[in-house]
Amino acid sequence: MANITIYEEFKTSLTKMGEELKAVLPSTIEPNKFINVVLIAVQKNPGLLKCNRASLYNACRTCAQDGLIPDGKEAALVKFGETAQYMPMVYGILKKVRNSGELKNITAQVVYEKDSFEFWVDDNGEHVLHKPLMSGPRGKPTHTYAVAKTKEDGTYVEVLTEEQIQDVKKVSKANTGPWTGPFADEMRRKTAIRRLSKRLPMSTDVEQVMYRDDEMYDLDQTEPAKEETTPADQQPPAKKKSRLEEATTTEATEQVEDAQIVEEQVVEEQPSDDNMVICGIIDDIKVKDGETNGKKWRKFGGAINGKYYGTFSKTLFDIMQDSFDNKFPIEIRYEEATRYGKTYQNIIDIKKVESGPNDLPF
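Count along the sequence shown starting at 1, add 385, and that's the number in our numbering.
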């Protein structure tokens, strides 16, 4: 009986918001329709009524402002502890992008172990070939990609390995939230779309939707992910190889000192006891590919005042790339380690000095 009372109270309060919602909703969505969809969402997920009521109203208001309905297809209302959160879904994001007229088409898909998948870059641009397994179990996810075609017939592709997807998941505040259960592939696809969106023409309202779920991620982690400090030659071999691992994004140079491999031997590192910090704007970036004991690796380097700091993490490299492209300062926390008598700087963590709408590291 208590649940019915709480529901009726919420229904009454939400109905009173009709005029407020009408003011922000697009003309194509009737306020009553939006309210009914919210009520259905709450009935399907009664836990939302246990959230802070102000956060639930705010989630509904924000969803309306973005012109989406929380029907589980365009958007969803999800529970994080005692807080309700509005989460744009892939379908809703793609709807906004297509309606903006900036692109001819955009899509995102998850690749599984038993699918056929290739990605390559040549003189004609970026290409992806994906043939999903049509019957039987497809296995575990291996890659996620997004493809967009512009009005000028330009094609843009963004591909992430499952390891890169997991790097993004690690900054999620709630591992039991949207990254698990039925939303897991939604989050994978949305991550690829958001990465790709940085290279595409986007209207302001589409960009706004892209960054609505920033609060789902902890951007100030002090503990680095384990993968970010593990030498590449100690990483387990990939379960499946494709042209993605063989594609070189840029020519490597000897300036990335911390990416050297000597005679393909196992590298023994001697890190220092103290972590060091440097702040500045990335003035150059490098990528180096290599192979040790039959295991391929890719090392990323970013320079501040001509001195390079390296990482094996694509997530951290994307923040350096953002600093390089948009000329804003970042704080790099690193340790010095010795390899075959040579000292190099290994990145542990990166933070943006100034906050903004592009704070997410993906």
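Quick reminder that beta carbons are idealized off the backbone N, C-alpha and C, glycines included. These numbers come from a predicted model, not from an experiment.
Scanning its chain for C-beta atoms nearer than 8 Å, with the 5 sequence neighbours on each side dropped, one finds around Y497 the residues P517, L518, R523, G524, K525, P526, T527, in chain order. Taking all protein chains in view, the Cβ of N690 is surrounded by fewer than 16 other Cβ atoms within 10 Å, so the residue is classified as exposed. Taken through DSSP and simplified to helix, strand or coil, G675 comes out as strand.
DSSP, read as helix, strand or coil, puts I478 in helix. Look at the beta carbons and you see the segment 455 to 467 not touching the segment 508 to 516: under three pairs across the two are nearer than 8 Å. Ranked by Cα distance from R584, the options T700, D710, Y442, K684 are led by D710. The segment 471 to 481 and the segment 447 to 463 touch, with three or more beta-carbon pairs separated by less than 8 Å.
Rounded to the nearest angstrom, the Cβ distance from L399 to V423 is 6 Å, consistent with a contact under 8 Å. Beta bridge pairing from DSSP links L488 with T535. Shown here, S398 sits in a helix according to DSSP, grouped into three states. Contact between L581 and E543 holds: CB atoms are separated by about 4 Å, below the 8 Å threshold.
With contacts defined as CB atoms closer than 8 Å, A493 and I550 fail to qualify as a contacting pair. Residue environment for A531: buried (at least 16 other C-beta atoms within 10 angstroms of its C-beta). Shown here, R718 sits in a strand according to DSSP, grouped into three states.
Straight-line spacing of the CA atoms in F713 and I663 works out to 14 Å. Residue pairing for F685: DSSP places it in a beta bridge opposite V672, T696. Annotation: S412 is outside any alpha helix (DSSP H) and is labelled neither H nor E by DSSP.
Apart from the 5 residues on each side of it in sequence, A688 sits with its Cβ closer than 7 Å to the Cβ of I667, D668, D669 in its chain, given in chain order.
When the five nearest sequence neighbours on each side are left out, the beta carbons in the same chain lying within less than 7 Å of the beta carbon of R573 are those of V495, P526, T529, I550, in order along the chain. Under DSSP, V427 forms no beta bridge with any residue.
Annotated as proximal: Y719 and Q730, with beta-carbon spacing under 8 Å. Going by DSSP, D552 is part of the alpha helix (DSSP H) stretching over 547 to 555.
For Q428, the number of other beta carbons within 10 angstroms of its own is below 16, and it is reported as exposed. Sixteen is the threshold: when 16 or more other Cβ atoms of the shown chains lie within 10 Å of the Cβ of I715, as they do, the residue is buried. Assigned with DSSP and collapsed to three states, E459 falls in coil, not helix or strand. If you draw a 10 Å sphere on the C-beta of K536, you find fewer than 16 other C-beta atoms in it, and that means exposed. Note on D538: under 16 other CB atoms within 10 angstroms of its CB, so exposed under the neighbour-count rule. For S588, same chain residues with a beta-carbon under 7 Å away, outside a window of 5 residues either side, are S485, E487 in chain order. Within the DSSP bridge table, the entry for C664 names E716 as partners.
Contact annotation: D552 and S708 have beta-carbon atoms that are not nearer than 8 Å. The bridge partners DSSP lists for A444 come to none. Counting the other Cβ atoms within 10 Å of the Cβ of A408 gives fewer than 16, which makes it exposed. If you look at D508, you'll find it isn't in any alpha helix (DSSP H); DSSP assigns it neither H nor E. Look at L406 here: in three-state DSSP terms it is helix.
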